[in-house]
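Residues in the sequence shown are numbered consecutively from 1, following full-length UniProt numbering. All C-beta atoms in this analysis are idealised placements derived from N, C-alpha and C, irrespective of residue type, glycine included. Read the structure below first, then the notes.
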Amino acid sequence: MKKYKEGGLDDELIEKYIASGHSQYFEPLVERYEKYAYIYAYSLLNNQFDAQDVVAESFIKAFTKIKQYRLGSNFKNWFLKIVHNGCFDLLRKKKTMISLDDIENSESFYNDAALSYNNIDSLDFGEMKKHLECLPHELRGVVILRFYYDWDYKTICEFLKIPMGTLSSRLNRACSKLKNMMKEE
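Given below as structure tokens:
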């Protein structure tokens, strides 16, 4: 069987996978979006092992539910929504085990080695990483989607299924908190 060329459009790969059932058509999608998914999961979870687990589980979920994907929509956004939901499911499970005070007083899990997963340097959190860790997850997520992934407001609202006012409020709160943290240094 001929190997499909990498770089094909996502929808073409998905159609071929659905029609044939051959994983060779799904593998380029994994390769293309694994790093984005990992960075997003890691930025929410601050734990490389949890992020890797969520990404792996998200690919399995996407693989098994690919027929629910609407052709013509954006696969990357659809997949990152699965990752997003997986992260928040994990955070809800862990919420009963870890108090916020424990997190604030503990040593950070965030480190450059984890962020540079397979030498990723496209997202440089720089000095902001320690401040981002202090933000609540829902604020951290909108900051990352807006300023690091450079998504527009409409895309973020659709992705998170929140109104524009809620997004604007979260971004304002996040920026205000970040500004105050930076002033305190």
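| Query | Result |
| --- | --- |
| What's the call for Leu9, buried or exposed, on a 16-neighbour Cβ count within 10 Å? | exposed |
| Just how far apart, CA to CA, sit Asp102 and Arg146? | Since pLDDT at Asp102 reaches only 41, below the 50 mark, its modelled position is unreliable, and the value read off the structure follows with that caveat. Those two C-alpha atoms are separated by around 28 Å. |
| To the nearest angstrom, how far is the alpha carbon of Asn74 from that of Phe159? | 11 Å |
| Check this for me: beta carbons of Glu15 and Leu91, under 8 Å apart or not? | no |
| Is the separation between the beta-carbon of Ala66 and that of Tyr25 shorter than 8 Å? | Going by the sequence as given, residue 66 is Ile instead of Ala. No, these two residues do not count as a Cβ contact at 8 Å. |
| Considering only the beta carbon of each residue, do residue 202 and Ala51 sit closer than 8 Å? | Nothing about residue 202 can be read from this structure; the chain reaches only from 1 to 185. |
| Return the chain-ordered list of same chain residues with a C-beta closer than 7 Å to the C-beta of Tyr153, the five sequence neighbours on each side being excluded. | Met164 and Leu167 |
| If distances are taken between C-alpha atoms only, which option among Asn180, Val83 and Gln48 comes closest to Ser58? | Val83 |
| Where in the UniProt domain "RNA polymerase sigma-70 region 4" (132-179) do unbroken runs of the alpha helix (DSSP H), each at least 4 residues long, occur, reported from the N-terminal end onward? | 137-143 and 153-160 |
| With 16 other CB atoms within 10 Å as the buried threshold, where does Leu80 fall? | buried |
| Roughly how many angstroms separate the alpha carbons of His131 and Leu171, rounded to a whole number? | 14 Å |
| Return helix, strand or coil for Asn85, following the three-state DSSP convention. | helix |
| Report back the beta-carbon spacing between Glu133 and Asn46 to the nearest angstrom; my notes put them in contact at under 8 Å. | 6 Å |
| Counting C-beta neighbours from all protein chains within 10 Å, is the total for Ile60 16 or more, i.e. buried, or is it exposed? | exposed |
| With DSSP collapsed to three states, give me the class of Lys67. | helix |
| Give me the Cβ distance between Leu44 and Cys87, rounded to the nearest whole Å; I'm assuming they're in contact under 8 Å. | 4 Å |
| What three-state label does DSSP hand Ser20 in the structure shown? | helix |
| My understanding is that Leu135 touches Lys177, with C-beta atoms under 8 Å, so please give their C-beta distance in whole angstroms. | 6 Å |
| What's the gap between the Cα of Gln68 and the Cα of Gly21? | 15 Å |
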